[in-house]
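Residue 138 in full-length UniProt numbering sits at position 138 of the sequence shown, with consecutive numbering throughout. The C-beta atom is built at its ideal place from N, Cα and C for all residues, glycine as well. Here the structure comes first, spelled out in structure tokens, and everything after it is commentary.
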Amino acid sequence: MPKFTATEREKIFSLLLEKGKTLFNEKGFYAVTAEDISLAAGIAKGTFYHFFDNKEHLYMVINNRLQANIFEFLLSMLEEHKSCHNAETFYRMLCYVMEKFIENPLIMNIDAQLWERIVAKAPKSCIDENNDRDLELISMLENSGFMYRYSLEITTKILQMQFIQLSYLKHETQDIELMKIVLKALSEHLIQEEREC
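Here it is as structure tokens:
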């Protein structure tokens, strides 16, 4: 393994994240190779593998960081609506997540087939980080006052499955409106008690 200083490692890692995100967004997951990312970052292909097991691993690290930023803002949104825990507030939060996912092609392009591939090839720790963060968010919402009809695990899986469906939208207004209708119905179904705010 090449000897990198901590500063060099951080610089290369950041560069791989940046170039990987750019290429995945521009070309899509399947058209990008580890070699493409290495070339864009100005490093040897072998160096890529000192940081990531494969492109699925890099993709998932980028995805996890993007989602962490989205969820961080969502928590501040929750703070603003801390006294209102009804289906309408839950729906608004889901719409916010949908809008942010749509703005990020890397997230938006994760369909069932790609997710299956990522689960098979990315390190389990990356998948666990994604699932744990989703579960933690749903748990925090519950702790703040939202009451679900189902367990946290089932509620989380239902929402994960629904957001995987976003990849089938074509950014057309009617598709986004259709998704909002689904999210509205889902919110009304998942939230146990409707409260006036």
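key: Residue(s) in a DSSP beta bridge with I148   = Checking the displayed sequence, the identity of residue 148 turns out to be Tyr instead of Ile. In the DSSP output, where bridge partners are listed per residue, Y148 has I191.
request  = Have a look at E103 and C126 and give me their C-alpha separation to the nearest angstrom.
outcome  = So the alpha carbons of these two residues sit roughly 22 Å apart.
key: For N104, the three-state DSSP class (helix, strand or coil)   = coil
key: Contacts around G28, its chain only, beta-carbon distance under 7 Å, and the 5 residues preceding and following it disregarded   = N109
inquiry  = So I191 and M147 are supposed to be a Cβ contact under 8 Å. How far apart are they, rounded?
reply    = That belief holds up - the Cβ atoms of I191 and M147 are roughly 7 Å apart, short of 8 Å.
inquiry  = Contact between the segment 57–75 and the segment 19–39 is defined here as three or more beta-carbon pairs at a separation below 8 Å; is this criterion met?
reply    = Yes, the segment 57–75 is in contact with the segment 19–39.
query = What are the uninterrupted segments assigned as alpha helix (DSSP H) that are 4 or more residues long and contained completely in the segment 47–132, given in chain order?
reply = Taken in chain order, the unbroken stretches of alpha helix (DSSP H) that lie wholly in the segment 47–132 and span 4 residues or more are 55–80, 87–103, 105–108, 112–121.
query = What are the start and end residues of the alpha helix (DSSP H) that includes F13?
reply = Note, F13: alpha helix (DSSP H), 6–27.
ask   = Quick one: what does DSSP say V183 is sitting in, helix, strand or coil?
value = According to the sequence shown, residue 183 is Leu rather than Val. Helix, per DSSP.
inquiry  = On a Cα-Cα basis, can you pick out the residue from S38, H57, L74 that is closest to E116?
reply    = Checked all of S38, H57, L74; the closest Cα to E116 is H57.
request  = Within the same chain, show all residues whose beta-carbon is closer than 7 Å to that of Q13, passing over the 5 residues directly before and after it, in chain order.
outcome  = Here residue 13 is Phe; the residue named in the question, Gln, does not match the sequence. Cβ neighbours of F13 beyond the five flanking positions: F51.
query = Looking at N25 and K121, is the spacing between their C-beta atoms short of 9 Å?
reply = no
key: N-terminal and C-terminal residue of the alpha helix (DSSP H) that L39 is part of   = 34–41
ask   = What whole-angstrom Cβ distance do L152 and E142 have, given they're in contact under 8 Å?
value = 7 Å
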